[in-house]
Amino acid sequence: MEKRILFKYIDDPNQIHIDTYIAHGGYKAWEKTLKTMQPAQVIDEVKKSGLRGRGGAGFPAGMKWNFVPKDSPKPRYLICNADESEPGTCKDRVLMEQDPHGVVEGMAIAAYAIGSHLAFCYVRGEFVKPAALMEQAVKEAYDKKMLGKNIFGTGYDLNMVVHTGGGAYICGEETALLNSLEGERGMSRIRPPFPAVEGLYACPTVVNNVETLAAVPHIINNGGEWYASMGTEKSKGTKIFSLSGHVKKPGNYEVEMGTPLSYLISELGGGPLDGHKIKAIIPGGSSTPFLLPSQIDAPLDYESIAAAGSMLGSGAVIVMDERTCMVWVIERLIHFYRHESCGKCTPCREGTGWLEQLISRIERGEGKPGDLEKIDSICDNILGRTICPLGDAAVMPIQSALKLFRDEFQYHIDHKKCLVKSEFEFK
Amino acid sequence: MADTVATVTLTINGREVTVPKGTTVLEAAKSVGIEIPTFCWHPKLKPVGACRICYVEIEKMPKLQVSCATEAMPGMVVNTESEKVKEGRKAVLEFILINHPLDCPTCDKGGECDLQDNTFAHGIDDSRFDFNKYRFIRERKSTFDDYRIGPEIVRNQNRCILCFKCVRANKEIFGEYDLGVFQGGNISEIDTAPGEKVDSIYSGNLVEICPVGALTNTDWRYKIRVWKTQQVKSVCSYCADGCNLTLWKERDKVYRVTSRRNDVIDEGWICDVGRYGYQLASVEGRLTTPLIKKGDKQVAATWEEAIGLIARKFREIKDKKGGVCIGGLISPQQDCEALLAFSKFFRTQLHSNNIDFRTEYKMLPEKESPYYSRLTSASFRIADIENSDTILVVGTNLIKEHPIVHLRVRKAVNQKGAKLYTLNPFTTKSGDLSRDEIVHVPGTLEAFLNGLCIGLAEKADGEGNVRAAELKARLEPNTTAKAAEICGISEARLNDLAEALRSAKKISIIVGELVSGSPAREAIAAAIHNLTVVLNLNERGQAAILSRAANSKGAERLGVMPSLSKELQQKLKSMWGGFPETEGRATDRMIHAAKKEELDALLIIGANPVASFPDGQFVREGLDKLDFTVVADLYETETTEKADVVLPLSSWVEQSGHFINLEGTMQRFEAAIKPVGNSRPGRQIIEDIAREFKGGLFADAHEIAREMQELLNVEPRPSFPDAVAEVKFAEEKIEKDYPYPLFVVDEMHHFGHLTERSRSLAAFAAEAQVEISPSLAEKLQIENGSLVRLESETGKLVLPAKISEMLDNDVILISRNFSGTAANMLQMRKKRIDRVRLIRVDEK
Ligand SMILES: Cc1cc2nc3c(=O)[nH]c(=O)nc-3n(C[C@H](O)[C@H](O)[C@H](O)COP(=O)(O)O)c2cc1C
Ligand code: SF4
Ligand code: SF4
Ligand code: FES
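For the protein sequence lines, the chains are P and E, in the order given. So for the first sequence, our numbering puts the first residue at 3; every next one is plus one. So for the second sequence, our numbering puts the first residue at 227; every next one is plus one.
This is the structure in structure tokens:
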């Protein structure tokens, strides 16, 4: 069953307007926060809710907010990460396009919780429409005095800026995002220092995903316990899954954490296309290892998907049926990661390039004996050796494909043609 | 202090290591001699952890860690040589090398390349990469990538290992944004920002910092293999900062100059003038033999003939009219030995006090006021700038005059949060860094400073400063409002600065040549002096007028001036068994005396007053009247043209000696090559003349060293009470006919009259230009490069215009470094601010 909380009004075209949003109970949480809660109480409530980051890593939101040093004399910043560029992921875009005030309100509450008076929404450069809608929502919020000076007469000031990004996947990585926002090239920074201590302009900064922030008003309105009553023991609340690939009804579905993958694919997504069967599933965006059809009953929560050998990531479920050549899939993916590597650290920069060369020659039927072992070894030399997780993200699907579908790769090398396409003549 | 620094103790390769808290694992290892390979790490840059060669294994951490960016923590157990570490390093080297051209045989970095060295030590001897290597080709259709990114720098992206040190240093240390990273992934490349060139005064450092042969300069490339060269310790001979240099030479040729890092002075950075200025030693046209004027020609002569003639003529004049009819000008770029010999020759043999080293500035007095000399001799430490929380820069385009002091100011501001205020008649590069860039009406600086004193004295009086009441009384009835009005600055800004200074804990006040070169220098110095008194600066900071050239400080301390402090005079008298009683003349009065035929001869060493002394007309007329002029220099100049005897002078790379930098630190430099042709070092020339004239000046090398040391032991600061100085409020009159204030300054990439001969420096700027602001250019409809005519009351000059983004008010800057452009013809010696009009010359 879908459980629409963030998506409650997603089909109402007027939800983008502040009046409709308010009529639907919007900005109540913001008012409640400012008028009745201390920042520490907000953080407590969010901690209680068990809300974890929806940007990929699943880090507990309340705990992250708590890392901001209480005694720092510097200004603090809140950043909403709306760079959404992971192949397969398309949920943040829908939230911004259909319910932008929900994002603004969540940002406002989070900003208050960390003592920030300036919040940024960093929107992916190509997201022209979402950026325009966010911009409009921010303007409406200013007009209605939900933002600006002395909000609700409480003396609290908050400004909000919508910034369109530099146009690279890496700009979604939080430290590269900070560089990009500062006007530098989007390249990751080493941690420590963590952004919560030294982020934007070397000031304490919290970066959260759009979906994470959009959940916050609901937690304030209904209480952390209410949110924690949904989901599993460690993965609370609801999550939006972006279902794509070889299914009948691809789309974004909000379900309770712990809903079985099979339910999402078969019931909500209508199952595989007629006459075809599922070959592999990417459960959490293009950086996560594949699952096999035999694992389709795995519950969609952080722990269960990890136990199945993959990651929940950003919740982008990509379904592939038996016509899909895994060499081709991996070639597309490594092409993407090679292109998106920021170029800063050696293993990722050089390794992704080399991997792309090797994998595309295998795909072209020009692979050489030993290439697979070489790929294994290059992957080992990248995994866990880079500045940011992009290196790992590039490698994990390759390692997974080589484990689960090694014979397809070997076939390409040995027979100079495709095991899958020769059977189905699919292109 | 030292014992309160918190430390951490960790174990590295089984050894216990204790380091200050905050040290990285890499530096902790280094501190006990454990070497870890690095590429992207640099001691002066923030770590970025990019190259990943510096992996170490740390117990309880599953992944390899980059030691350059990992802070040492108590109890850490680090292994720098485990199998996992070795294998990790090998992997990084393999990655770096897959697309590397391995063109070591033709690469200038060969033999001093971090990539060669690290691969040699830690790499593998085979590659598993079996594709064609990726090639960047920008300028040549070959595997080479000869892409010029600046006047002197060539990029070969194929060799670049993307350590980003060039881009990082450029931004972090030099504040330049002309270089960046473009493209992405494995085709990322280092390139200039669109429309930019890498042409800052620090550009050469980027070549030096590059660990491989990706950035080379045209100075060094393809000339010699590094292992064939020898290294010679040197010190820069240009500005007074005193950067430590290494000269790289083979036989009788210097091939390049690099920094010899000295953390109390330069921190491992040098400016391009220091880096490329050496080239002027060996350019076509060096004077290699003495010349004697016969009729209206100068013809070659032997040293014996030349020295003989000089000694004879000097004796004649001395016997007939007295030694006081002979004067001497010597360049402050001469070493201490030459300066002392010069002074000794004039004072003990000619019995004349007519000596000076200051040939660039107007109306210099014989004797500086106590306030002025207190500020020139004040103790000042470059390294202390970074301990100041408030910095006031007065009367200087600091980045040009003292590039390395400017870097310390940048560091103080950017890394330590100091507040910078600048106070200048035009906008400068320091403005980018400052809280407030105050641009005053030219010629009104002391009014502003006195205004500051008024603001501060009122507060300080209440706070119990003993001199404040006295100062207040002196300054009355002037007000901050009046001061602000005179200088064209709002009173609020003046008050803000006063408040910043008042509440500062530690202050550095840095004063430059727009003060020392101004005829109003004494009044300005008095005002600054009052400021130091009311701020009680003795106890909370430093203030100094910085000396200009590499050995200006040496010239002051050794007494190469017509009138000396009592202490110095006494010391010389006892050391030399006598001291001339007559009054000496400074440059200005020597020329004046020549004009009136009261001075008959001049001995000029390394200076070019005809082109540099402000008031070209005056100096030309003066020199024309002289009976006998001797000029020693490297090349023919406007001044050697007027000489009866021309002597070929050696450059500083051809001799050893000492310079005293602006902090008063004496530093030795060694000769790299033999004197070019028959040239001789300044000191030798003076001694040769003296020997012929009367007798040797020094018994031996020990004696000159001893005399130098004794003089340096004399306390340089004039002793007088912390009194309040006389106060002056100048108001500048604007003249309708000549509306624009003119400043004759050094070109960014030049210093003095010889650097135009350096090929590399000429690549940055080869001719004088009229620098104006974009707004003035628009007003007068002048375009970049179009010809303009400058007219002053005394002269005219036609030059190309350069529209400078740095400037934003109606002033005009021209450089004094190019022969063929006698900028001093526009100057008038008695005028505080030179003024010109500017006319567009329409193309014929
Ligand atoms: C290569 C890369 C790309 C990323 N892209 C995004 C993104 O587009 N949106 C996002 O919210 N997080 C992205 N992340 C994760 C962020 O770094 C960060 O963890 C997240 O924004 C934190 O928010 P959360 O705690 O709310 O999930 C990316 C991470 C990596 C390594
Ligand atoms: S050009 Fe040199 S300094 Fe710059 S990134 Fe490349 S290797 Fe490093
Ligand atoms: S000119 Fe000055 S700053 Fe430049 S290298 Fe020489 S001493 Fe250093
Ligand atoms: S030296 Fe440590 S990562 Fe480059």
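For each residue, glycine too, the CB sits at the ideal point set by N, CA and C.
Residues sharing a beta bridge with residue i, DSSP
{"i": "D489(E)", "result": "DSSP lists no partner for D489(E)."}
{"i": "E1017(E)", "result": "K1022(E) and R1063(E)"}
{"i": "S460(E)", "result": "L471(E)"}
{"i": "I581(E)", "result": "G554(E)"}
{"i": "T648(E)", "result": "V619(E) and E663(E)"}
{"i": "V321(P)", "result": "G247(P) and I283(P)"}
{"i": "F122(P)", "result": "I81(P) and V163(P)"}
{"i": "G253(P)", "result": "L245(P)"}
{"i": "A1027(E)", "result": "V996(E)"}
{"i": "C465(E)", "result": "A775(E)"}
{"i": "K519(E)", "result": "Q524(E)"}
{"i": "E217(E)", "result": "Shown here, chain E extends from 227 to 1070; a query on residue 217(E) therefore has no answer."}
Integer Cβ distance of residue i from residue j, believed to fall under 8 Å
{"i": "L1016(E)", "j": "V1062(E)", "result": "5 Å"}
{"i": "T444(E)", "j": "V490(E)", "result": "With 8 Å as the limit, T444(E) and V490(E) do not qualify as a contact, their Cβ atoms being about 32 Å apart."}
{"i": "M934(E)", "j": "L784(E)", "result": "7 Å"}
{"i": "L1088(E)", "j": "V483(E)", "result": "Residue 1088(E) is absent from the structure shown; chain E starts at 227 and stops at 1070."}
{"i": "I307(P)", "j": "A318(P)", "result": "Actually they are not in contact, since the Cβ atoms of I307(P) and A318(P) sit about 12 Å apart, beyond 8 Å."}
{"i": "V106(P)", "j": "M162(P)", "result": "7 Å"}
{"i": "C551(E)", "j": "A776(E)", "result": "With a Cβ gap of about 31 Å, C551(E) and A776(E) do not count as contacting."}
{"i": "V635(E)", "j": "V619(E)", "result": "7 Å"}
{"i": "A644(E)", "j": "T616(E)", "result": "7 Å"}
{"i": "I387(E)", "j": "P437(E)", "result": "7 Å"}
Short Cβ contact (8 Å threshold) for residue i with residue j
{"i": "G314(E)", "j": "Y281(E)", "result": "yes"}
{"i": "P668(E)", "j": "P967(E)", "result": "yes"}
{"i": "L794(E)", "j": "F606(E)", "result": "no"}
{"i": "L432(E)", "j": "N396(E)", "result": "yes"}
{"i": "E2(P)", "j": "R56(P)", "result": "Past the boundaries of the shown model lies residue 2(P); chain P is included only from 3 to 429, so the question cannot be answered."}
{"i": "I930(E)", "j": "E415(E)", "result": "no"}
{"i": "K176(E)", "j": "V458(E)", "result": "Because chain E is modelled from 227 through 1070, residue 176(E) falls outside the range shown and cannot be assessed."}
{"i": "V525(E)", "j": "L517(E)", "result": "yes"}
{"i": "G430(E)", "j": "Y502(E)", "result": "yes"}
{"i": "N412(E)", "j": "R340(P)", "result": "yes"}
{"i": "F572(E)", "j": "G554(E)", "result": "yes"}
{"i": "A506(E)", "j": "T865(E)", "result": "Reading off the sequence shown, one finds Leu at residue 506(E), where the question assumed Ala. Not closer than 8 Å, so no."}
{"i": "F243(P)", "j": "Y229(P)", "result": "no"}
{"i": "I322(E)", "j": "M302(E)", "result": "no"}
{"i": "G842(E)", "j": "N1050(E)", "result": "yes"}
{"i": "I399(E)", "j": "D498(E)", "result": "no"}
{"i": "L675(E)", "j": "I750(E)", "result": "yes"}
Distance cut-off 7 Å: residue i Cβ against heavy atoms of ligand 6
{"i": "C173(P)", "result": "You won't find ligand 6 in this model; what it holds is ligand 1, ligand 2, ligand 3 and ligand 4."}
Can you find at least 3 beta carbon pairs, one from the segment 819-838 of chain E and one from the segment 848-867 of chain E, that sit closer than 8 Å? Yes: the two stretches touch, three or more of their Cβ pairs being nearer than 8 Å.
Per the contact definition of three or more C-beta pairs closer than 8 Å, is the segment 284-293 of chain E in contact with the segment 242-255 of chain E? Contact between the segment 242-255 of chain E and the segment 284-293 of chain E is present, because at least three Cβ pairs lie under 8 Å.
Stretch-stretch touch, CB-based, cutoff 8 Å, three pairs: the segment 289-298 of chain P with the segment 401-417 of chain P: As far as the Cβ criterion goes, the segment 289-298 of chain P touches the segment 401-417 of chain P, which means the pair count is three or higher.
Could you check whether the segment 99-117 of chain P touches the segment 66-75 of chain P, counting it as contact only if at least three pairs of C-beta atoms, one from each stretch, sit closer than 8 Å? Note that the segment 99-117 of chain P touches the segment 66-75 of chain P; at least 3 beta-carbon pairs, one per stretch, sit closer than 8 Å.
Between the segment 353-361 of chain P and the segment 374-383 of chain P, can you find at least three pairs of beta-carbon atoms closer than 8 Å? As far as the Cβ criterion goes, the segment 374-383 of chain P touches the segment 353-361 of chain P, which means the pair count is three or higher.
Assess, as a yes-or-no matter, whether the segment 757-767 of chain E is touched by the segment 912-931 of chain E under the definition of 3 or more beta carbon pairs within less than 8 Å. Counting Cβ pairs under 8 Å, fewer than three are found: no touch.
Counting beta carbon pairs with one atom in the segment 710-725 of chain E and one in the segment 656-668 of chain E, are three or more of them shorter than 8 Å? The segment 656-668 of chain E, when compared against the segment 710-725 of chain E, does touch it at the 8 Å Cβ threshold.
Give a yes or no on contact between the segment 268-288 of chain P and the segment 77-89 of chain P, applying the rule of three or more CB pairs nearer than 8 Å. With the cut-off at 8 Å, the segment 268-288 of chain P and the segment 77-89 of chain P touch.
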